[in-house]
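>
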């Protein structure tokens, strides 16, 4: 399999709302177009950064439809389709395939801790609803409460549509495990933004991350420097990215509220976050300004 379309920097797409809190088709398209112009490889739509667990099935369809209308065929589009029940997940999978996405992805079911054969059945049911589309396992145990294991991966690899893992577990060793098990054509995407360069060193095909959209230039620089053999340079940029993330995480409001506020300073308005995520606090405005200035300084220095 040609894995080139899954290489490089793929931002996790943010939920875009109108001021009244409804999903905004216009703002969704504007963010997609902005990221296309920044030279990213693709978009990961409807995942954690897309606030998927707080949106209805119909809202998630609206988001994906507008992303595809704006940048479909121009960027690699991976649609996260998991809901906390199989029927809704399959509906989103069928919808995503009908739009022509490159791949669908899914976390395991959350809340109830299912046995591995139950998780495998859930993923295989979703995949069967989109039989002509690549399937990517989304491993994020710190939020889903369930971790991908080697035995579960071996079971899932019997499904020929399973082409990779989006790995958001913190141990970068996991990337080596999944890549080694899958072989050269198996896609493994680095998830933790603070470990992008480490993930590349462990064999990650590329990266999907929640902070990429506010500083795509820096993540592209890490990727390009690493693959050009400039490992020290890549590490220096990665360290600066980490400092920026630490600054943003110091806010009282949710991280995605901070990220959207930074984009608003760039003229890309995404609205706020959906409750129960806490919105930006007045005291956070200084943090937004600080982080935006750090990003600008790092781009000027390294890019």
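Numbering (this note's numbering), first residue to last: 392 to 694. Quick reminder that beta carbons are idealized off the backbone N, C-alpha and C, glycines included. Just so you know, these numbers come straight off a predicted model, no measurement behind them.
Can you pull the DSSP bridge partners for residue 575?
Translated into positions along the chain shown, residue 575 becomes position 184. Looking at the DSSP assignment, residue 575 forms no beta bridge with any residue, so it has no partner.
> Quick check: the Cα distance between residue 435 and residue 673, rounded to an integer number of angstroms?
In the chain shown, residue 435 corresponds to position 44, counting from 1. In the chain shown, residue 673 corresponds to position 282, counting from 1. Their Cα atoms are separated by approximately 30 Å.
> Over what stretch of residues does the alpha helix (DSSP H) that includes residue 532 continue unbroken?
Numbered from its first residue, the chain shown carries residue 532 at position 141. That run of the alpha helix (DSSP H) goes 532 to 535.
> Can you tell which of 499, 562, 519 and 514 has its C-alpha closest to the C-alpha of residue 534?
Locating residue 534 in the chain shown gives position 143, where the first residue counts as 1. Considering only alpha carbons, the answer is 499.
> Look at residue 423 and residue 462 and say whether their C-beta atoms are less than 9 Å apart.
Counting from one through the chain shown, the residue named residue 423 turns up at place 32. Counting from one through the chain shown, the residue named residue 462 turns up at place 71. Yes, these two residues count as a Cβ contact at 9 Å.
> At which residues does the beta strand (DSSP E) containing residue 469 begin and terminate?
Stepping through the chain shown from its first residue, residue 469 is reached at position 78. Unbroken beta strand (DSSP E) run through residue 469: 467 to 471.
> For residue 675 versus residue 642, is the C-beta spacing smaller than 9 Å?
As a working mapping, residue 675 is identified with position 284 in the chain shown. As a working mapping, residue 642 is identified with position 251 in the chain shown. In this structure, residue 642 lies closer than 9 Å to residue 675 by Cβ.
> Taking residue 460 and residue 485 to be in contact with their CB atoms under 8 Å, please state how far apart those CB atoms are, rounded to whole angstroms.
Translated into the one-based positions of the chain shown, residue 460 becomes position 69. Translated into the one-based positions of the chain shown, residue 485 becomes position 94. Contact flag wrong, Cβ pair sits at about 18 Å.
> Considering only residues of the segment 470 to 541, which uninterrupted alpha helix (DSSP H) runs meet the minimum length of 4 residues and lie entirely inside it, listed in chain order?
Counting whole runs of 4 or more residues, the segment 470 to 541 contains the alpha helix (DSSP H) stretches 477 to 490, 507 to 520 and 532 to 535.
> Along the beta strand (DSSP E) that carries residue 620, what are the first and last residues, could you check?
As a first step, residue 620 is located in the chain shown; it is residue number 229 there, counting from the start. First-last for residue 620: undefined, no H or E at that position.
> According to the Cβ coordinates, are residue 770 and residue 610 closer than 9 Å?
The structure shown does not extend to residue 770, since the chain is modelled only from 392 through 694, so no value can be given for it.
> Tell me the start and end of each unbroken alpha helix (DSSP H) in the segment 636 to 690 that is at least 4 residues and wholly inside, in chain order.
Fully enclosed alpha helix (DSSP H) runs of 4 or longer: 646 to 656.
> If the criterion is Cβ atoms closer than 9 Å, does the pair residue 470 and residue 437 meet it?
Residue mapping note: residue 470 aligns to position 79 of the chain shown, counting from 1. Residue mapping note: residue 437 aligns to position 46 of the chain shown, counting from 1. Yes, the pair counts as a contact, with Cβ atoms nearer than the cut-off.
> Check residue 550 in the structure and name its three-state DSSP category.
By one-based count along the chain shown, residue 550 stands at place 159. Three-state DSSP puts residue 550 in coil, outside helix and strand.
> From residue 392 to residue 398, what distance separates their C-alpha atoms?
Within the chain shown, residue 392 is the residue found at index 1, counting from 1. Within the chain shown, residue 398 is the residue found at index 7, counting from 1. Answer to the nearest angstrom: the Cα atoms are 13 Å apart.
> Closer than 7 Å by C-beta to residue 558: which residues in its own chain qualify, once you throw out the five before and the five after it? Chain order, please.
Position 167 of the chain shown, counted from the first residue, corresponds to residue 558. Around residue 558: 530, 565, 566, 569, 579, 580, 581 and 582.
> Taking the alpha-carbon positions, what's the residue 553 to residue 664 distance?
The residue given as residue 553 occupies position 162 in the chain shown. The residue given as residue 664 occupies position 273 in the chain shown. Near 32 Å, if we compare the C-alpha coordinates of residue 664 and residue 553.
> Counting along the chain, where does the alpha helix (DSSP H) carrying residue 453 start and finish?
Against the chain shown, residue 453 aligns to sequence position 62. Note, residue 453: alpha helix (DSSP H), 448 to 462.
> For residue 415, count neighbouring Cβ atoms within 10 angstroms of its own Cβ and tell me buried if that reaches 16, exposed if not.
The sequence position of residue 415 within the chain shown is 24, counting from 1. Answer is buried; the Cβ neighbour count reaches 16.
> Using CA coordinates, which residue listed in 518, 454 and 667 is at the minimum distance from residue 478?
Here residue 478 refers to the residue found at position 87 of the chain shown. Residue 518 is the option with its Cα nearest to residue 478.
> Can you tell me which of 688, 661 and 694 puts its alpha carbon nearest to the alpha carbon of residue 411?
To locate residue 411, count along the chain shown from 1; it is residue 20. For residue 411, the nearest C-alpha among the options comes from 661.
> Please return the same chain residues whose Cβ sits closer than 8 Å to the Cβ of residue 427, not counting the five positions on each side in sequence.
One-based indexing of the chain shown puts residue 427 at position 36. Closer than 8 Å at the Cβ level, and outside the excluded window around residue 427, lie 461, 462, 465 and 466.
> Check whether the Cβ atoms of residue 547 and residue 515 lie closer than 9 Å to each other.
Here residue 547 refers to the residue found at position 156 of the chain shown. Here residue 515 refers to the residue found at position 124 of the chain shown. Yes, they are a contact pair.
> Can you round the beta-carbon distance between residue 420 and residue 457 to whole angstroms, since I take them to be within the 8 Å contact cut?
Counted from its first residue, the chain shown places residue 420 at position 29. Counted from its first residue, the chain shown places residue 457 at position 66. Contact holds; Cβ gap of about 5 Å.
> Looking only at DSSP bridge pairs, what is residue 435 linked to?
As a position in the chain shown, residue 435 is number 44, starting the count at 1. In the DSSP output, where bridge partners are listed per residue, residue 435 has 403 and 469.
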